[in-house]
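Notes for the one structure printed next.
Residue numbers (my numbering): 480 to 814.
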């Protein structure tokens with residue numbers, strides 16, 4: 480297949496692109512290489528992809544309506560993995576307009592591209608953040624998610640609603656994946672594991688929010704990528720049993736699906752830091768702080784639907800995953 484991967488120079492996108500190339504798919508990569516975090520890391524990911532056969536790259540903003548339309552018209556991708564977005568819960572409080580431009584207008588442009596060029600399947604990134612004020616654990620795709628705690632979460636919920644509209648109006652198969660705290664080699668510098676590793680090795684104290692008591696469903700990148708590829712290959716179909724009398728938020732009468740994609744084994748942040756200390760062979764000095772605005776205390780994914788439909792089985796423990804990240808970090812930064 481020819482697959483368009485948006486956010487191809489990003490953490491998850493670059494890993495997905497490599498996996499698709501490994502199985503001899505043709506990959507069209509899109510990224511704007513913005514400076515939300517270290518551009519040199521994005522460029523290093525991109526350099527590895529551009530060294531491979533079957534990869535073609537476009538430097539482009541998602542919100543460039545004409546540019547995205549021209550890309551679709553010229554490349555005619557069979558399927559699309561839409562991972563590009565303005566990320567970050569806390570940054571959405573400081574710079575909300577960035578989320579409207581990238582996550583709302585950008586996703587609209589991707590949906591229009593799929594519609595007008597007969598794409599077979601759109602798989603797109605949602606987020607565990609959509610669960611917002613929900614406290615029933617584990618989080619289920621069959622629960623209502625109408626109480627977001629940040630504009631980032633609201634933009635991801637909006638993406639799900641937009642995708643459903645296109646699935647309904649234009650019979651475009653769409654599948655949304657709610658990611659749960661992805662980590663691993665080539666990860667994002669604004670994520671906790673990256674920041675903790677950098678500061679511990681530099682002898683600097685680390686900021687530990689909610690006094691380290693919140694739990695996250697930390698999910699290793701290889702498990703995430705496996706789930707994305709399996710989902711891409713399993714084109715969304717209508718749920719014949721869907722009823723408007725008791726509407727199921729996770730499925731539809733249209734070719735539309737939503738899935739959680741996580742490890743389904745939440746870990747307390749203090750334990751996560753403890754494992755990192757063991758891998759680094761160095762103790763952290765911790766600044767224990769209250770929960771940040773927009774953050775939720777716990778995340779925990781019910782992944783049973785994804786397991787039932789595509790055979791998803793996360794297999795990487797945090798002990799193994801953190802060790803692999805530390806090995807990559809030391810090698811890449813020569814620490």
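Backbone N, C-alpha and C define an ideal beta-carbon position, used for all residues, glycine too. Computed from a predicted model, the values in this text were never measured in an experiment.
Sequence-distant residues of the same chain with beta carbon closer than 6 Å to residue i, five excluded per side
i, result
"residue 716", "734"
"residue 626", "611, 612"
"residue 766", "684, 686"
"residue 554", "507"
"residue 582", "564, 565, 634"
"residue 747", "694"
Assigned exposure category for residue i - 16 Cβ within 10 Å defines buried
i, result
"residue 799", "exposed"
"residue 776", "exposed"
"residue 565", "buried"
"residue 694", "buried"
"residue 773", "buried"
"residue 719", "exposed"
Residues near residue i in its chain [Cβ-Cβ closer than 8 Å; skip 5 each side]
i, result
"residue 512", "488, 518, 521, 522, 525, 538"
"residue 759", "676, 679, 680, 805"
"residue 482", "499, 504, 505, 506, 507, 556, 557, 558, 559, 560, 711"
Own chain partners of residue i with C-beta closer than 7 Å, once the 5 adjacent residues on each side are dropped
i, result
"residue 606", "632, 635, 657, 658"
"residue 669", "516, 567"
"residue 620", "728, 729, 737, 738, 739, 784"
"residue 721", "727, 730, 731, 732"
Element boundaries [alpha helix (DSSP H), containing residue i]
i, result
"residue 494", "490-501"
"residue 588", "585-595"
"residue 712", "700-712"
"residue 630", "630-649"
"residue 750", "748-759"
"residue 789", "783-789"
"residue 521", "518-529"
"residue 805", "797-812"
Closer than 7 Å: residue i CB and nearest the ligand HEM heavy atom
i, result
"residue 628", "Absent from the structure shown: the ligand HEM. Ligands present: none."
Best match in the options for proximity to residue i [C-alpha to C-alpha]
i, options, result
"residue 600", "557, 492, 622", "557"
"residue 662", "639, 740, 718", "740"
"residue 586", "563, 576, 762, 570", "563"
"residue 608", "789, 498, 732, 696", "696"
"residue 640", "672, 729, 485, 497", "729"
"residue 491", "770, 703, 752, 808", "703"
"residue 616", "779, 795, 797", "779"
"residue 732", "787, 644, 545", "644"
"residue 655", "549, 672, 590, 682", "590"
First through last residue of the beta strand (DSSP E) which encompasses residue i
i, result
"residue 766", "765-768"
"residue 578", "Where residue 578 is concerned, there is no enclosing beta strand (DSSP E), although the alpha helix (DSSP H) it sits in stretches over 575-578."
"residue 601", "600-606"
"residue 823", "An answer regarding residue 823 cannot be provided, because it is not within the stretch 480 to 814 covered by the chain."
"residue 509", "505-510"
"residue 544", "Premise fails: residue 544 lies in the alpha helix (DSSP H), 544-554, not in any beta strand (DSSP E)."
"residue 735", "735-740"
Open item on the list: At 4 residues or longer, what runs of the alpha helix (DSSP H) sit wholly inside the segment 654-686?
Closed with: 671-680
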